[in-house]
Amino acid sequence: NAGVTQTPKFRILKIGQSMTLQCAQDMNHNYMYWYRQDPGMGLKLIYYSVGAGITDKGEVPNGYNVSRSTTEDFPLRLELAAPSQTSVYFCASSYQGGDTEAFFGQGTRLTVV
Amino acid sequence: QKEVEQNSGPLSVPEGAIASLNCTYSDRGSQSFFWYRQYSGKSPELIMFIYSNGDKEDGRFTAQLNKASQYVSLLIRDSQPSDSATYLCALKNAGNNRKLIWGLGTSLAVNP
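The listed protein sequences correspond, in order, to chains A and B. If you number the first sequence the way the working numbering does, the last residue is 100 and the count never jumps. If you number the second sequence the way the working numbering does, the last residue is 138 and the count never jumps.
Written out as structure tokens, the structure is:
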């Protein structure tokens, strides 16, 4: 049972480069989330989705884009990477939004230099 | 006022003691409440959830919810060094049931 799978685990980007962080879940959850976590800080919501074809902005969406073409996949796109985007990124999914447990992927540690 | 507030710590307790972690929230209509544990360099994992006023026990962990006073707490009995981690409080606001609202977490250190 894989749960939530994120790739890659680590990545170094140069300023101005772009990349996509992949997230896939095999639990048939409708709700999926992207968070970033800076050192010593809590989780900040970037984007979330309540089902295929539906996405919405979280607290810190600037510099990111998402898509949700299937229930399983929820990729996060970084355009024109900036040092401020250096962080650990977590993807999560849940069955029923805020009412149920969120399952997290193992995280992607991104450094922008 | 932040929606969810936690003392950042670090909270330091000796092995075998009771660790008490607290979380206060501003939205009186908040409903589902969750405690997650996050080890350094790892992703958060659920410890307990509580929906109703009162206590809920699961092994060495007890969650306590007091909606009138707008706080939720987590007690860890017989604390072990393996309990050393950051504990995140999360809840669902009445106005938006699609996502959780997160506290910044409390760092717990259990000393052998």
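We treat Cβ as the ideally placed atom computed from N, Cα and C, and that holds for glycine.
Can you name the residues of chain A whose CB is closer than 7 Å to the CB of residue i?
i                : result
Trp128 (chain B) : Gly29 and Leu30
Leu72 (chain B)  : Glu88
Ser58 (chain B)  : Gly85 and Asp86
Where does the unbroken beta strand (DSSP E) through residue i begin, and where does it stop?
i                : result
Ile73 (chain B)  : Glu71 to Ile76
Leu63 (chain A)  : Leu63 to Leu65
Gly80 (chain B)  : Gly80 to Asp84
Met19 (chain A)  : Tyr18 to Gln24
Val98 (chain B)  : Tyr97 to Ile102
Thr87 (chain A)  : Thr87 (chain A) -> no beta strand (DSSP E), and no H or E assigned at all.
Ser81 (chain A)  : Ser74 to Ser81
Leu120 (chain B) : Here residue 120 (chain B) turns out to be Ala, not Leu, going by the sequence shown. That residue, Ala120 (chain B), is in no beta strand (DSSP E); it is neither H nor E in DSSP.
Asn52 (chain A)  : Tyr51 to Val53
Ala89 (chain B)  : Phe87 to Asn92
Mind listing the chain C neighbours of residue i? Cutoff is C-beta to C-beta under 7 Å, in chain order.
i                : result
Gly131 (chain B) : Of the protein chains in this structure, namely A and B, none is chain C.
Report yes if the C-beta distance between residue i and residue j is below 8 Å; otherwise report no.
i                  : j                 : result
Thr57 (chain A)    : Ala39 (chain A)   : yes
Leu97 (chain A)    : Arg(-2) (chain A) : yes
Glu41 (chain B)    : Val136 (chain B)  : yes
Ala(-11) (chain A) : Asp60 (chain A)   : no
Ala45 (chain B)    : Ser105 (chain B)  : yes
Leu134 (chain B)   : Leu72 (chain B)   : no
Met28 (chain A)    : Leu130 (chain B)  : yes
Arg86 (chain B)    : Arg63 (chain B)   : no
Trp147 (chain B)   : Ala89 (chain B)   : Because chain B here runs from 27 to 138, residue 147 (chain B) falls outside it and cannot be looked at.
Val75 (chain A)    : Gly94 (chain A)   : yes
Thr50 (chain B)    : Tyr97 (chain B)   : yes
Leu32 (chain A)    : Lys68 (chain B)   : no
Val53 (chain A)    : Leu65 (chain A)   : no
Gln9 (chain A)     : Thr(-6) (chain A) : yes
Asn123 (chain B)   : Asp86 (chain A)   : yes
Thr73 (chain A)    : Val47 (chain A)   : no
Cβ closer than 9 Å: which chain B residues qualify as neighbours of residue i?
i               : result
Tyr18 (chain A) : Arg124 and Lys125
Gln93 (chain A) : Lys68 and Ser69
In the DSSP output, which residue or residues are listed as bridge partners for residue i?
i                : result
Pro40 (chain B)  : B:Asn137
Thr98 (chain A)  : A:Ile(-1)
Leu11 (chain A)  : In the sequence under discussion, the amino acid at residue 11 (chain A) is Ala, which differs from the Leu named in the question. Answer is A:Thr(-8) and A:Asp60, bridged to Ala11 (chain A).
Thr112 (chain B) : B:Gln64 and B:Ser133
Glu31 (chain B)  : B:Thr50
Ser36 (chain A)  : A:Met19 and A:Thr42
Ser126 (chain B) : With the sequence shown as reference, residue 126 (chain B) is identified as Leu, and Ser is not the correct amino acid for it. BP columns for Leu126 (chain B) are empty, so no partner.
Met6 (chain A)   : A:Leu65
Determine the chain A residues that contact residue i at a beta-carbon separation under 9 Å, and present them in chain order.
i               : result
Phe75 (chain B) : Thr87 and Glu88
Anything in chain B within Cβ reach of residue i, meaning under 7 Å, just list it in chain order.
i               : result
Val37 (chain A) : Arg124
Using a Cβ cut-off of 8 Å, pull out every chain B residue sitting near residue i, in sequence order please.
i               : result
Phe77 (chain A) : Ser69 and Pro70
What residues in the segment 114 to 127 of chain B bring their beta carbon closer than 9 Å to a beta carbon of chain A? For the segment 114 to 127 of chain B, which is checked against every Cβ of chain A, the residues closer than 9 Å are Leu114, Ala116, Leu117, Lys118, Asn119, Asn122, Asn123, Arg124, Lys125, Leu126 and Ile127.
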